Amino acid sequence: MRVWILRLWNALTYDLPMLVKVELSRRVPTLYPRLSMRPRYAGLNITDNCNMRCVMCNSWRTTSREELSTGEWKAVIRQLRDEGIRYVGFAGGEPLLRKDLPELVAHATTLGLHTELTTSGYLWDEARAQSLVNAGLKSVVISIDGVEEGYEAIRGRQWSRVEHACTLLAQAKRQGTLRVVIGFVLMKPTLAHVEAVKALSSRLDLPLLISLLDASTYLFRLEENRKQFWIREEADREQLAQVQRSLVKAKTVDGLIRDDFTSIERFSTYFENPRQPDLPCAVSQTRILIDSHGMVFGGCWAMGSYGCLRVQSLGEILRSPRYRQAQRRMFFKDCPGCSCGFRVTLKLSLPTQLRELRLRWSKRLRTRVFALRSSS
Numbered sequence: 013m014r015v016w017i018l019r020l021w022n023a024l025t026y027d028l029p030m031l032v033k034v035e036l037s038r039r040v041p042t043l044y045p046r047l048s049m050r051p052r053y054a055g056l057n058i059t060d061n062c063n064m065r066c067v068m069c070n071s072w073r074t075t076s077r078e079e080l081s082t083g084e085w086k087a088v089i090r091q092l093r094d095e096g097i098r099y100v101g102f103a104g105g106e107p108l109l110r111k112d113l114p115e116l117v118a119h120a121t122t123l124g125l126h127t128e129l130t131t132s133g134y135l136w137d138e139a140r141a142q143s144l145v146n147a148g149l150k151s152v153v154i155s156i157d158g159v160e161e162g163y164e165a166i167r168g169r170q171w172s173r174v175e176h177a178c179t180l181l182a183q184a185k186r187q188g189t190l191r192v193v194i195g196f197v198l199m200k201p202t203l204a205h206v207e208a209v210k211a212l213s214s215r216l217d218l219p220l221l222i223s224l225l226d227a228s229t230y231l232f233r234l235e236e237n238r239k240q241f242w243i244r245e246e247a248d249r250e251q252l253a254q255v256q257r258s259l260v261k262a263k264t265v266d267g268l269i270r271d272d273f274t275s276i277e278r279f280s281t282y283f284e285n286p287r288q289p290d291l292p293c294a295v296s297q298t299r300i301l302i303d304s305h306g307m308v309f310g311g312c313w314a315m316g317s318y319g320c321l322r323v324q325s326l327g328e329i330l331r332s333p334r335y336r337q338a339q340r341r342m343f344f345k346d347c348p349g350c351s352c353g354f355r356v357t358l359k360l361s362l363p364t365q366l367r368e369l370r371l372r373w374s375k376r377l378r379t380r381v382f383a384l385r386s387s388s
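Following this line, the structure appears as structure tokens:
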């Protein structure tokens, strides 16, 4: 009940006002500077190091050194709170490689921030789970792009360890100690693995959230991503269409698919043009991103950084002309395009939300009609 109350409060106090501001700025660009769109979420890549071997990622191919210390990260988190940030996501690289992660989560929790962790799950075990829950961790996204041999081909690590982590996380979800979601990266090599991951999601009763391959961020900037992994050939597009139909059906039936109907619709158009020029980039206004060396990226990795927290305070960066100009460029899509945070952008688009309401109503109506026919 408390979760639904929080969601309703957030919708009324933040999402709805942001939706209005985004729509006004989209229709009347001269209003953009006057409509204050303040971020409330911070994504923290607390390390760029990783123990996985994902085919689409750069992190594990190099070693990152001289990353922010525990004390420096605590100071960053304190500045985030002072600037009105309320949600903090710990990611990487692999954040579980940082032994001070529970300490950082506890610090954020003490400051009243909601904490989330994105992990491969390979290092997740009972001891780490308990320490992070005790520290106040609220949510976990475990990244899975296949099962068994399919997983190992994409992630380059042993599936059995990740399967055990999924079991532990499903148990934590049932006990109400953590909110857990399975994250899946959709790209050419994983099209064939969607059904297996859906089955895993259903078996463990863990919601499934689809992300799209992003070739422009600093993590995924690999030549292979555009040449080998991008969904562009006719056969791949037909397979993607089948995946979309399957996800819509699953969402209609059991509700475990976390993506909205309009998000699923956008999968195909994204691979045609990742810039999506018809949608202003709302997510770039709602968050900031900080890498392991204290570089502030605003709301988008693809646009580069706008200051370093080892040199300036967060407030100085957020109020600098350089940052404000970058925010405007991001909003009006003067950018290469990416899939990072596209759900938030769709959520804060009035035309998209109206279509989502129509789709949900039609799906529910069809489901009820089918149920009545089956019973008669």
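Residue numbers are given in this note's numbering: position 351 of the sequence shown equals residue 363, and the series is strictly consecutive.
The beta-carbon is built from N, C-alpha and C at its ideal position, and this holds for glycine as well.
Only a predicted model underlies this, so the values are computations on that prediction, with no experimental measurement involved.
- In the three-state DSSP reduction, Thr59 falls in the coil class, being neither helix nor strand.
- For Met342, the CB contacts under 7 Å within the same chain, skipping 5 residues up- and downstream, are Cys293, Ser296, Gly310, Gly311, Cys312, Met315 in chain order.
- Residue pairing by DSSP puts Arg299 in a beta bridge opposite Tyr53.
- With 16 or more other CB atoms across the displayed protein chains lying within 10 angstroms of its CB, Gly133 is buried.
- Close CB contacts of Val193 within its chain, under the 8 Å cut and outside five residues either way in sequence, are with Ser151, Val152, Val153, Ile154, Leu218, Pro219, Leu220, Leu221, Arg270 (chain order).
- The beta carbon of Glu160 sits closer than 6 Å to those of Trp171, all from its chain and outside the five residues before and after it, given in chain order.
- The beta carbon of Ser213 sits closer than 6 Å to the beta carbons of Ile194, Leu220, Leu268 from its chain, once the five residues preceding and following it are set aside; these are given in chain order.
- By the neighbour-count criterion, in which 16 or more other beta carbons inside 10 Å mark a residue as buried, Asn61 falls on the buried side.
- Gly195 carries a strand assignment under DSSP once its states are collapsed to helix, strand and coil.
- By alpha-carbon distance to Arg367, the top candidate from Leu330, Thr274, Trp242, Ile17 is Thr274.
- Straight through space, the alpha carbons of Gly101 and Leu116 are spaced by roughly 11 Å.
- For Thr127, the enclosing beta strand (DSSP E) stretches over residues 126–131.
- Fully contained in the region 60–112 are the following alpha helix (DSSP H) runs of length 4 or more, in chain order: 82–94.
- With a cutoff of 8 Å on beta-carbon distance, Leu56 and Ile97 are scored as not near each other.
- Sequence-distant Cβ neighbours of Lys33 in its own chain, meaning closer than 7 Å and more than five residues away, are Leu47, Met49.
- Shown here, Ile222 sits in a strand according to DSSP, grouped into three states.
- Within 10 angstroms of the beta-carbon of Pro201 lie 16 or more other beta-carbons, which makes it buried.
- Assignment of beta strand (DSSP E) within the region 218–300, counting only whole runs of 3 or more residues, yields 220–224 in chain order.
- Around Leu108, the same chain offers Thr131, Leu135 as residues with beta carbons nearer than 6 Å, after the five sequence neighbours per side are excluded.
- Residue environment: Asn237 is assigned as buried (16 or more neighbouring CB atoms within 10 Å of its CB, all protein chains considered).
- Looking at the backbone, the Cα of Arg331 and that of Ala338 are separated by about 11 Å.
- Counting only the Cα atoms, Ser228 lies some 19 Å from Leu358.
- By the criterion of a C-beta distance shorter than 7 Å, Lys210 is surrounded in its chain by Leu220, Ala262, once the five residues flanking it on both sides are discounted.
- Here DSSP, grouped into helix, strand and coil, assigns Cys350 to coil.
- Judged by their CB atoms, Gly158 and Ala208 are nearer to each other than the 8 Å cut-off.
- Counting only runs of at least 3 residues, the region 138–202 fully encloses the following beta strand (DSSP E) elements, listed from N- to C-terminal order: 151–155, 191–198.
- Comparing C-alpha distances from Glu164 to each of Gly148, Leu198, His205, Gln142 shows the shortest one belongs to His205.
- Between the C-alpha atoms of His119 and Trp85 there is a straight-line separation of about 10 Å.
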